[in-house]
Amino acid sequence: MTRLPTRLRPFLPLAAFSAAVLLAAWSAPRRAAPELLPAAVPLSAPAAERTHHHLLALAPGLRPDVFARALGAWRRAAAEGTARRPVLTIIDYSLPSTERRLWVLDLERGRLLFHEFVAHGRRTGENLARRFSNRVGSNQTSLGVFVTGDTYVGRNGYSLRLRGLERGFNDQAERRAIVVHGADYVSPELAGRTGRLGRSQGCPAVRPEIAAALIDEIKGGSVVFSWYPDPRYARATRLAVPAPLDEPGDSLAAAS
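Now the structure itself:
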């Protein structure tokens, strides 16, 4: 056996320590690189930055006045025990169907979960929504505040029941079978050819490739706010009253 030269023996403990450190580093579990998020879903904000205006900055195209009404609706529904989850879906039907006009927000963590296309009812309008109804058989979209229920698999595949909370505007949603579901006619490619998305019988239908993931995020007691600047609805609603944004000490975490 070859003996270590005398002049190198003082370095033996250091070499042994270095080898042990390298071995530990090599054998330690490695954290996988995070998967790239879809472009429409920015990373969440640090807790100290989870203010309402920060969340608005993460939600492209969402108007502050619409967000304020939606947040007010969520707070009232939560205070009344109707909303059980700090997740808020906002649909702005004042935007054309060819634009992404649905946002899903995680109020607890300050995250934008989805920014998506959504269809309106076939008798609500072409590319632009014009008419809204609560009537059974109208094939029109309903306005107002809904709470999500349970899921089921029906003729439109995996679907999510909605219960309307506003009498005269959407309280017939269950009788009308107004649900969130995926549909092939919610397609940017189709919109590029026809100038609009396809239309539903009043349901907020979304792209089939994201439908299951979106439904699983919002099911079970979250709020869906369906908005259009209809004067009659704006006067009558007791839920969608604009909430003040970013008062001193106010944050998303505190609000939820």
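Taken in order, the sequence shown gives residues -15 to 240; the numbers are from my numbering. All C-beta atoms in this analysis are idealised placements derived from N, C-alpha and C, irrespective of residue type, glycine included.
Please state if the CB of residue j and the CB of residue i are separated by a distance shorter than 8 Å.
i: GLY166; j: GLY141; result: yes
i: VAL190; j: VAL131; result: no
i: GLY94; j: LEU39; result: yes
i: VAL170; j: SER143; result: no
i: ALA218; j: ARG59; result: no
Give every residue of the same chain whose Cβ lies closer than 6 Å to the Cβ of residue i, excluding the five residues on either side of it in the sequence, and list them in chain order.
i: VAL225; result: GLY56
i: ALA17; result: Caution is warranted here: a pLDDT of 30 is assigned to ALA17, below 50, making its placement in the model unreliable, and the coordinate value is therefore given only provisionally. Taken in chain order, the list of residues that qualify is empty.
i: LEU97; result: VAL88, ASP90 and GLU201
i: THR125; result: HIS104, GLY105, THR108, PHE116 and GLY186
i: THR73; result: VAL88, ILE202 and VAL208
i: LEU86; result: ILE75, GLU100 and VAL102
Note the first and the last residue of the continuous alpha helix (DSSP H) segment covering residue i.
i: PHE98; result: It is not in any alpha helix (DSSP H) - PHE98 instead sits in the beta strand (DSSP E) that spans 95 to 100.
i: LEU42; result: 36 to 42
i: LEU252; result: Since the first and last residues shown for the chain are -15 and 240, residue 252 lies out of range.
Could you name the residues of the same chain whose beta carbon sits closer than 8 Å to that of residue i, not counting the 5 residues immediately before and after it, in chain order?
i: GLY109; result: ARG115
i: PRO213; result: SER78
i: GLY152; result: ASN118 and ALA220
i: GLY204; result: ARG68, ARG69, THR132, GLY133 and ASP134
i: LEU149; result: ALA61, THR66, GLY128, VAL129, PHE130, VAL131, ASP155 and LEU223
Within a Cβ cutoff of 7 Å, which residues of the same chain sit near residue i, ignoring the five residues on either side of it in sequence?
i: ASP168; result: PRO192
i: PRO80; result: ASN111 and LEU112
i: ILE199; result: THR135, TYR142, LEU144 and VAL164
i: PRO243; result: No answer is possible for residue 243: the residues shown for the chain start at -15 and end at 240.
In terms of residues, what are the limits of the beta strand (DSSP E) holding residue i?
i: VAL71; result: 71 to 76
i: VAL120; result: No beta strand (DSSP E) holds VAL120; DSSP gives it neither H nor E.
i: LEU79; result: Premise fails: LEU79 is in no beta strand (DSSP E) and is neither H nor E.
i: LEU86; result: 86 to 90
Does the distance between the C-beta of residue i and the nearest non-hydrogen atom of the ligand PLP fall short of 7 Å?
i: ALA54; result: Only the bare structure without any ligand can be found here, which leaves the ligand PLP out of the picture.
What runs of the alpha helix (DSSP H), each 4 residues or longer, lie entirely inside the region 136 to 224? Segments of the alpha helix (DSSP H) lying fully in the region 136 to 224: 172 to 178, 192 to 202 and 215 to 220.
Counting pairs of Cβ atoms below 8 Å between the region 52 to 72 and the region 153 to 161, do you hit three or more? no
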